[in-house]
Amino acid sequence: MAEDVTLEDYEYPTDPTWCPGCGDFAILRSVKASLVDLGLAPHESLLVSGIGCGSKLPHYMNVNGYHSIHGRPVPVATGAKLANPDMNVVVTAGDGDSYGIGGNHFLHSCRRNIGITHIVEDNRVYGLTKGQYSPTSHKGFVTKTSPEGSIEPPVRPVPTALTSGATFIARAFSGHVQEMNEIFAAAMNHDGYALVDVLQPCVTFNPGKSYDFYTDLVYDLDEDYDPTDREAAEEKAKEWGNRIPLGIIYREDRPTYEEQVPALQEGPVANRSLDPEERSGVDLEEVKGSFM
Ligand code: SF4
Ligand code: MG
Numbered sequence: 091m092a093e094d095v096t097l098e099d100y101e102y103p104t105d106p107t108w109c110p111g112c113g114d115f116a117i118l119r120s121v122k123a124s125l126v127d128l129g130l131a132p133h134e135s136l137l138v139s140g141i142g143c144g145s146k147l148p149h150y151m152n153v154n155g156y157h158s159i160h161g162r163p164v165p166v167a168t169g170a171k172l173a174n175p176d177m178n179v180v181v182t183a184g185d186g187d188s189y190g191i192g193g194n195h196f197l198h199s200c201r202r203n204i205g206i207t208h209i210v211e212d213n214r215v216y217g218l219t220k221g222q223y224s225p226t227s228h229k230g231f232v233t234k235t236s237p238e239g240s241i242e243p244p245v246r247p248v249p250t251a252l253t254s255g256a257t258f259i260a261r262a263f264s265g266h267v268q269e270m271n272e273i274f275a276a277a278m279n280h281d282g283y284a285l286v287d288v289l290q291p292c293v294t295f296n297p298g299k300s301y302d303f304y305t306d307l308v309y310d311l312d313e314d315y316d317p318t319d320r321e322a323a324e325e326k327a328k329e330w331g332n333r334i335p336l337g338i339i340y341r342e343d344r345p346t347y348e349e350q351v352p353a354l355q356e357g358p359v360a361n362r363s364l365d366p367e368e369r370s371g372v373d374l375e376e377v378k379g380s381f382m
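Quick note on this note's numbering: the sequence shown kicks off at 91 and runs consecutively.
As structure tokens, this is what we get:
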């Protein structure tokens with residue numbers, strides 16, 4: 091932990107190519123701010139992304155980054171976490187990546203409780219490919235791929251994560267930046283899989299889901315709301331529509347996947363010797379000799 095880390099440590103001289111007004115700007119700022127709040131230096135985190143507007147995020151900050159393929163940032167992050175559980179591993183990917191193409195990885199991460207933070211930039215549309223309906227688009231959404239309106243009911247990320255066994259589930263809004271910083275920091279601090287679904291306007295291809303649209307609907311959970319109360323979380327997870335709760339909806343302590351992997355009991359693979367004999371304790375010359 092580097093106590094004196096600042097936002098400047100995360101600055102990178104590449105300007106984002108996002109449209110002016112895109113919610114991704116605030117998410118980028120909050121990812122940096124939460125890492126600073128946690129006192130993590132850039133080398134202590136890995137950001138893994140998929141394909142999409144939001145998946146460009148690791149390009150725009152000074153941090154370890156892995157720009158993977160469409161729908162697969164979660165498995166890449168899982169591998170990285172297993173190789174080095176000491177690393178703070180964060181996925182930043184869109185709703186298409188996370189709930190569509192990579193939907194299976196999302197479900198299995200929930201039940202496995204792998205120790206990664208999954209920040210979903212949920213603009214409820216495919217933005218990079220110029221505006222097709224996505225897994226979280228509302229029914230009736232008119233797009234290039236649904237000219238008569240989408241006929242599919244949307245994925246509901248929060249209740250899906252809850253019923254799939256996730257141990258940390260939160261919702262943020264990119265228009266409420268301070269609260270988003272705190273939620274990201276809490277998610278990264280959580281031991282186990284942490285989902286943060288971020289309601290994020292795509293001002294270009296989903297203008298109906300604007301800042302004003304969400305501002306009228308969202309509210310912060312009460313201070314006395316207890317996210318460890320499963321029944322309360324089940325009720326809160328259902329809330330969607332005229333009122334949308336923001337904050338940590340559910341939290342549970344459960345052993346992480348990586349803590350239970352027998353092969354990792356001796357410590358992170360990343361810290362082990364590259365010498366096969368030293369690593370395995372086997373005399374390879376003797377093994378070779380036995381075949382002669
Ligand atoms: Fe953001 Fe939408 Fe523009 Fe992509 S297309 S950069 S999601 S506003
Ligand atoms: Mg999207």
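Glycine included, every Cβ here is placed at the ideal spot set by N, Cα and C.
Item to check | Supposed contact pair A260 and A275 - C-beta distance, whole angstroms, cut 8 Å | outcome: By 1-based counting over the sequence shown, the position of residue 275 is 185. By 1-based counting over the sequence shown, the position of residue 260 is 170. Actually they do not touch by this definition, with Cβ atoms about 11 Å apart.
Checklist entry - Ends of the alpha helix (DSSP H) at G379? => result The residue given as residue 379 occupies position 289 in the sequence shown. Run containing G379: 374-380, per the alpha helix (DSSP H) assignment.
Checklist entry - When the Cα of D312 is compared with those of I338, T346, V293, D302, which residue comes out closest? => result Residue 312 sits at position 222 when you count from the first residue of the sequence shown. D312 has its Cα closest to that of I338, out of I338, T346, V293, D302.
Next on the checklist: I'd like the ranges of any alpha helix (DSSP H) spanning at least 4 consecutive residues and lying wholly in the segment 257-289.
Outcome noted: 267-279
Item to check | Proximity to T233 [Cα-Cα], best of V245, Y216, R202, P249 | outcome: As a first step, residue 233 must be located in the sequence shown, where it is residue number 143. Considering only alpha carbons, the answer is Y216.
Checklist entry - Which ranges would you report for the alpha helix (DSSP H) in the segment 158-185 if only whole runs of at least 4 residues count? => result 163-173
Checklist entry - Using the rule of at least 16 other Cβ atoms within 10 Å of the residue's Cβ for burial, across every protein chain shown, is S380 buried or exposed? => result Taking the sequence shown and counting its residues from 1, one reaches residue 380 at position 290. S380 comes out exposed.
Next on the checklist: If the criterion is Cβ atoms closer than 8 Å, does the pair I159 and L218 meet it?
Outcome noted: By 1-based counting over the sequence shown, the position of residue 159 is 69. By 1-based counting over the sequence shown, the position of residue 218 is 128. Cβ atoms of I159 and L218: not closer than 8 Å.
Next on the checklist: For the structure I just gave you, are there three or more beta carbon pairs, one from the segment 131-147 and one from the segment 155-175, closer than 8 Å?
Outcome noted: yes
Item to check | ligand 2 heavy atom lying under 7 Å from the CB of Y216 | outcome: For this step, residue 216 is matched to residue 126 along the sequence shown. Under cutoff, so the answer is yes.
Checklist entry - Which first and last residues belong to the alpha helix (DSSP H) in which L307 is found? => result One-based indexing of the sequence shown puts residue 307 at position 217. Start and end: 301-307.
Next on the checklist: For I334, which residues in the same chain have their Cβ closer than 6 Å to its Cβ, ignoring the five residues on either side in sequence?
Outcome noted: On the sequence shown, position 244 is the one that residue 334 refers to. Once the five neighbours on either side are set aside, the close Cβ partners of I334 are L307, V308.
Item to check | Residue(s) in a DSSP beta bridge with E211 | outcome: Taking the first residue of the sequence shown as position 1, residue 211 is located at position 121. For E211, which the question treats as bridged, DSSP gives the partners G184, V288.
Item to check | Assigned exposure category for V248 - 16 Cβ within 10 Å defines buried | outcome: Within the sequence shown, the letter at position 158 stands for residue 248. Answer is buried; the Cβ neighbour count reaches 16.
Checklist entry - Less than 7 Å between the CB of S139 and some heavy atom of ligand 2, yes or no? => result Position 49 of the sequence shown, counted from the start, is the residue given in the question as residue 139. No, since every heavy atom of ligand 2 falls outside the 7 Å radius drawn around the Cβ of S139.
Checklist entry - Between which two residues does the beta strand (DSSP E) harbouring P335 extend? => result Counted from its first residue, the sequence shown places residue 335 at position 245. Run containing P335: 334-341, per the beta strand (DSSP E) assignment.
Checklist entry - What number of angstroms, rounded off, separates the C-alpha of C112 from the C-alpha of H195? => result On the sequence shown, position 22 is the one that residue 112 refers to. On the sequence shown, position 105 is the one that residue 195 refers to. Rounded to whole angstroms, C112 to H195 spans 27 Å at the Cα level.
Checklist entry - So, do the segment 100-108 and the segment 248-257 have three or more beta carbon pairs nearer to each other than 8 Å? => result no
Checklist entry - How is the alpha helix (DSSP H) around S199 delimited, first residue to last? => result Counted from its first residue, the sequence shown places residue 199 at position 109. Run containing S199: 193-202, per the alpha helix (DSSP H) assignment.
Next on the checklist: Rounded to whole angstroms, what is the Cα-Cα separation between T33 and H133?
Outcome noted: Beyond the ends of the chain as shown, which are 91 and 382, falls residue 33; an answer cannot be given.
Item to check | Which listed residue (D187, E349, M151) has its alpha carbon closest to that of D287 | outcome: Sequence index remark: in the sequence shown, residue 287 carries index 197 (1-based). Nearest option by C-alpha distance: D187.
Checklist entry - Could you check where the alpha helix (DSSP H) with L252 kicks off and where it finishes? => result Taking the sequence shown and counting its residues from 1, one reaches residue 252 at position 162. First-last of the alpha helix (DSSP H) with L252: 247-253.
Item to check | ligand 2 heavy atom lying under 7 Å from the CB of S300 | outcome: What you label residue 300 is simply residue 210 of the sequence shown in a count that begins at 1. Checking every heavy atom of ligand 2 against the Cβ of S300, none is found closer than 7 Å.
Next on the checklist: I want to check one thing, is the minimum distance from the CB of D185 to the heavy atoms of ligand 2 below 7 Å?
Outcome noted: Here the question's residue 185 lines up with position 95 in the sequence shown. Yes, ligand 2 has a heavy atom inside 7 Å of this Cβ.
Checklist entry - Got a sec: does ligand 2 put a non-hydrogen atom nearer than 7 Å to the Cβ of G113? => result Translated into the one-based positions of the sequence shown, residue 113 becomes position 23. Not under cutoff, so the answer is no.
Next on the checklist: So within the segment 311-370, which uninterrupted alpha helix (DSSP H) runs reach at least 4 residues, ignoring any that extend past its ends?
Outcome noted: 320-328, 347-350, 366-370
Checklist entry - Just curious, the alpha helix (DSSP H) that L125 is in, first and last residue? => result If you number the sequence shown from 1, residue 125 lands on position 35. Per DSSP, L125 belongs to the alpha helix (DSSP H) from 114-127.
Item to check | 8 Å Cβ cutoff met for A183 and E211 | outcome: The residue labelled residue 183 in the question sits at position 93 within the sequence shown. The residue labelled residue 211 in the question sits at position 121 within the sequence shown. Yes, they are a contact pair.
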